[in-house]
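To convert, count from 1 in the sequence shown and add 57; that's the working numbering.
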Amino acid sequence: MFDLGARIRELRKLNNVTAVKLSAKLGISQGQLSRIENNVNTAQFDTIMRICDFFSITLSEFFNDDNSEHIVLTSELKELLNSAKDLTPSQLEAIQSIIKAIKEGR
Numbered sequence: 058m059f060d061l062g063a064r065i066r067e068l069r070k071l072n073n074v075t076a077v078k079l080s081a082k083l084g085i086s087q088g089q090l091s092r093i094e095n096n097v098n099t100a101q102f103d104t105i106m107r108i109c110d111f112f113s114i115t116l117s118e119f120f121n122d123d124n125s126e127h128i129v130l131t132s133e134l135k136e137l138l139n140s141a142k143d144l145t146p147s148q149l150e151a152i153q154s155i156i157k158a159i160k161e162g163r
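Structure below.
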C-alpha cells in the first residue's frame with residue numbers, strides 16, 4: 058500500500074528541504090504538514106499537485122510504488138544534468154570516466 062506521508066518525507070529529505078520551507082511553499086501550517094507526513098491527515102489533491110510542482114516531478118512519479126529502483130533527482134543532480142545537456146558525446150564520455158574514477162577512489 059502506498060504511504061503518502063513517507064513519500065513526502067522522502068522527497069523532502071532527498072532534496073534537503075525542511076518541513077518549514079515546504080509547508081510555507083504549500084501554503085499550509087507546519088502542523089498540517091506533520092499530520093500529513095505521519096498519516097494522521099491525508100493531503101488534498103491540490104496539495105499533492107503543489108508538492109509535485111515544488112519537487113519538479115509528475116503525479117505518476119510521485120505515486121510510483123512499483124518497488125523497482127528509481128532515481129529521484131535532487132536539485133544537485135538536476136543542475137548537473139542541465140549543465141551536461143549540451144555536451145558532445147565525447148565530452149559526456151570524459152565526464153563519465155571522471156565520475157567512475159571518483160567512485161573508485163582514484
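Built from N, CA and C at the ideal position, the CB exists for glycine as well.
Note that this is a predicted model, so its numbers are computed, not measured.
CA-to-CA distance, residue j to residue i, given in whole angstroms
i	j	result
Thr145	Glu118	29 Å
Ser125	Gln153	Low confidence applies here, because Ser125 scores a pLDDT of 47, under 50, leaving its location unreliable and the question unanswered by this model.
Asp143	Ile156	18 Å
Asn96	Phe59	11 Å
Leu149	Leu134	15 Å
Own chain partners of residue i with C-beta closer than 6 Å, once the 5 adjacent residues on each side are dropped
i	result
Arg92	Asn98
Glu94	Gly62, Ile65 and Arg66
CB contact flag (residue i, residue j, <7 Å)
i	j	result
Gln87	Ala76	yes
Asn72	Ser132	yes
Thr115	Leu83	no
Leu68	Phe112	yes
Boundaries (first-last residue) of the alpha helix (DSSP H) holding residue i
i	result
Ser140	Ser132 to Ala141
Ser91	Gln87 to Glu94
Ser113	Per DSSP, Ser113 belongs to no alpha helix (DSSP H) and is neither H nor E.
Leu79	Ala76 to Leu83
Leu61	Leu61 to Leu71
Gln101	Per DSSP, Gln101 belongs to no alpha helix (DSSP H) and is neither H nor E.
Cut-off 8 Å between Cβ atoms - residues of its own chain near residue i, not counting five sequence neighbours on either side
i	result
Cys109	Thr115, Leu116, Glu118 and Phe119
Arg107	Lys82, Leu83 and Gly84
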